[in-house]
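The structure under discussion appears below in the form of structure tokens.
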Amino acid sequence: MLEIKGSPAKIVIVNPNGISCNNCQFSNTTGVDLVAGKMNYANKKISYQTDKGKIIFTGLGIWGNGRSSIDEKSKFLSNLTVYAGNVRFNNGAKVNVAKQFYVIGNVKTKIDAFNNYSNRRSLGLAGEKTIFTLEKNSQIHANQLRIFTSEGTYLNNNGAITVAANKEDIGDLSIKADHIANKHIIAAYGTIENNKNIIPSSINITTKHLINHQDAGIKASEGIVTLETYKGKGYFDINIKKVFPKIN
3 MLEIKGSPAK IVIVNPNGIS CNNCQFSNTT GVDLVAGKMN YANKKISYQT DKGKIIFTGL
63 GIWGNGRSSI DEKSKFLSNL TVYAGNVRFN NGAKVNVAKQ FYVIGNVKTK IDAFNNYSNR
123 RSLGLAGEKT IFTLEKNSQI HANQLRIFTS EGTYLNNNGA ITVAANKEDI GDLSIKADHI
183 ANKHIIAAYG TIENNKNIIP SSINITTKHL INHQDAGIKA SEGIVTLETY KGKGYFDINI
243 KKVFPKIN
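In our numbering, the protein residues as written are 3 to 250.
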């Protein structure tokens, strides 16, 4: 357990040789950045250079605070950001944190989600086929989840990528990857009530090629999947709209 004494503060862990996380616990922090690369500081701006750096989650990974771990007001970690060239969740690894943001590979979009990272960029090597992989029985569970990967990259899911509503916010899942292979479950669960309106959790996926294998599923009461090709006999919720424009 890594606990901040006194006022809550952000924790940033940077290692160009990579990071391995098994049952990592953080307390009294406003958020944690895990960076498999280098941190650069110039002109009062921070950027991360991830190149081929790897982050591997094993065992319990990061398991917030049990059943309340996707509650942002938990005293335990509620905001996790991961920057790497390659991320792997080994068999049975679990990451259960309210807000999660993954920036994988040569992604040059400004980071402004969750923490208003208007001055932060994630830089990597162009042309690298970085991989975001969940092995069997692994799980990412959040209230808000963003996964952004660079051009030409692959997301391979053999586990569970899920979001769920908490007491205040709908579950919100967004994935951008050129190639996605789903062999188990990608889902958004639950609803919240706002001014007597029931608002469901949602999914937004942008990809070029999606394979949804048999016995796998993509489930939500609301969502959009933007893609060029779709293959597979897996379950695809009828409430999720498929859009087939040409993606540049």
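Here a beta-carbon is modelled for each residue, glycine too, at the ideal position from N, C-alpha and C.
Span of the beta strand (DSSP E) around residue i
i, result
"Ile200", "199-202"
"Leu229", "Where Leu229 is concerned, there is no enclosing beta strand (DSSP E), given that its DSSP letter is neither H nor E."
"Glu195", "193-196"
"Leu147", "146-151"
"Leu82", "81-86"
"Lys56", "56-64"
"Phe103", "101-106"
"Asn270", "In the structure displayed, the chain extends from 3 to 250; residue 270 sits before or after that span and is not available."
"Ile163", "162-166"
"Phe134", "133-136"
"Lys243", "242-245"
"Lys12", "11-16"
"Asn158", "156-159"
Residue burial classification, residue i (beta-carbon count within 10 angstroms, cutoff 16)
i, result
"Ser140", "buried"
"Thr2", "Residue 2 is absent from the model: the chain starts at 3 and stops at 250."
"Val245", "exposed"
"Lys110", "Here the model assigns Lys110 a pLDDT of 49, short of 50, so the residue's position is not dependable, and the following value carries that caveat. When all chains shown are included, Lys110 counts as exposed."
"Ala189", "buried"
"Gly68", "Confidence is the limiting factor: at Gly68 the pLDDT is only 47, short of 50, which leaves the residue's position unreliable, though a coordinate-based value still follows. By the neighbour-count rule (16 or more Cβ atoms within 10 Å), Gly68 is not buried but exposed."
"Lys47", "exposed"
"Tyr104", "buried"
"Lys2", "With the chain running from 3 to 250 in the structure shown, residue 2 is simply not present."
"Lys96", "buried"
"Gly87", "buried"
"Ile242", "buried"
"Pro10", "exposed"
"Asp217", "exposed"
"Gly55", "buried"
Own chain residues within Cβ distance below 6 Å of residue i, not counting five before or after
i, result
"Gly211", "According to the sequence shown, residue 211 is His rather than Gly. Excluding sequence neighbours, His211 sits near His181, Thr231."
"Tyr237", "Gly219"
"Glu5", "Ser29, Asn30"
"Val207", "According to the sequence shown, residue 207 is Ile rather than Val. Closer than 6 Å at Cβ, skipping near neighbours: Ile177, Val227."
"Ile142", "Val97, Ile163"
"Ile15", "Leu36"
Beta-carbon gap between residue i and residue j smaller than 8 Å
i, j, result
"Ala179", "Thr209", "yes"
"Tyr50", "Val34", "no"
"Leu136", "Gln102", "no"
"Ile57", "Gly94", "no"
"Asn92", "Phe59", "yes"
"Ile213", "Lys235", "no"
"Asn25", "Leu82", "no"
"Gly39", "Tyr85", "yes"
"Val165", "Asn145", "yes"
"Ser152", "Gly107", "yes"
"Lys138", "Asn158", "no"
"Leu229", "Ile205", "no"
Per DSSP, the bridge partner or partners of residue i
i, result
"Glu5", "Ser29"
"His211", "His181, Thr231"
"Gly219", "Ile187, Tyr237"
"Asn44", "Per the sequence presented here, residue 44 reads as Ala, with Asn not at that position. Paired residues: Lys47."
"Ser176", "Arg148, Asn206"
"Asp53", "Paired residue(s): none; Asp53 is not in a bridge."
"Asn139", "None; Asn139 has no bridge partner."
"Asn24", "Thr60"
Proximal residues to residue i (C-beta, below 8 Å), its chain only, five neighbours per side dropped
i, result
"Thr193", "Ala167, Ile172, Ile200, Ile201, Pro202, Ser203, Ser223"
"His215", "Ala183, Asn184, Lys185, Gly234, Lys235, Gly236"
Own chain, CB closer than 7 Å to residue i, minus 5 neighbours either side, in chain order
i, result
"Leu79", "Phe28, Thr31, Val34, Ile64, Gly66, Val99"
"Asp239", "Ile220, Lys221, Ala222"
"His186", "Asn159, Asn160, Gly161, Ala162, Ala218"
"Lys131", "Gly154, Thr155, Tyr156"
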